[in-house]
Amino acid sequence: SEDLGTTHQFQRLVMDGVNSYVSALEAASSACKPRVAPVGSAYLLLHDKEFSLWEDLFDSRDFFHPSPIGTFLQACVLHCTMFGCPPAIPRTEDEITSLWRDARVMHTYKGEDPRRLP
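If you want our numbering, it's the 1-based position in the sequence shown plus 117.
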C-alpha cells in the first residue's frame, strides 16, 4: 500500500526498527548478543531477482500475510540464523507432505471457514 512506501522503503523502515531494538538490548546488558534473522533481505532478494517467486511468498487474498511458501522461506532463514547452516530440504513427496503433517490452518478472514494447508 502507498502508506507503507515501496517494498524497499518498507524493508528499510523495518530494518531501522529492528536495529533500534538490537541497540537497546545491547545497551541494556553487555551479556546480550542479539542475532537478527534477515528474512526481509531474503524476501528482497527474490523481489529483485525472481519477482514471480516473490509474489508466491504472499497470501493471494491480501498480498500481505505470508503464504505457505513465504512461511517456509522464513523458517529456513530462522534455521540458518540459529544453527549456522540451512535445514535439510525435503526431496520426496512424502518428505514434502510431512512438512504439513503438524500444521493446523492458515489465517482466516472475517466470516470465513478455516483454510487447510496443502
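Backbone N, C-alpha and C define an ideal beta-carbon position, used for all residues, glycine too.
Please determine, among the options, the residue with the shortest C-alpha to C-alpha distance to residue i.
i	options	result
leucine 162	Pro151, Val153, Leu174	Leu174
alanine 159	Cys197, Arg208, Arg218	Cys197
methionine 199	Asp230, Ala144, Ile186, Val156	Val156
serine 184	Gly201, Trp217, Arg152, Leu142	Trp217
threonine 188	Gly201, Cys202, Glu172	Glu172
Give the straight-line distance between the Cα atoms of residue i and residue j, rounded to the nearest whole angstrom.
i	j	result
leucine 170	histidine 164	8 Å
alanine 145	threonine 214	44 Å
alanine 192	glutamine 126	24 Å
Would you list the residues sitting across from residue i in a DSSP beta bridge?
i	result
proline 183	Phe175
Please work out which residues of its chain come closer than 7 Å, Cβ to Cβ, to residue i, disregarding the five sequence neighbours upstream and downstream, and give them in chain order.
i	result
leucine 195	Ala154
cysteine 149	Leu142, Glu143
Output yes if chain B places a C-beta closer than 8 Å to the C-beta of residue i; else output no.
i	result
leucine 142	The chain labelled as chain B is not found in the depicted structure, where only one protein chain is given.
Under 6 Å Cβ to Cβ from residue i, same chain only, skipping five residues before and after it: list those, please.
i	result
proline 151	Val139, Leu142
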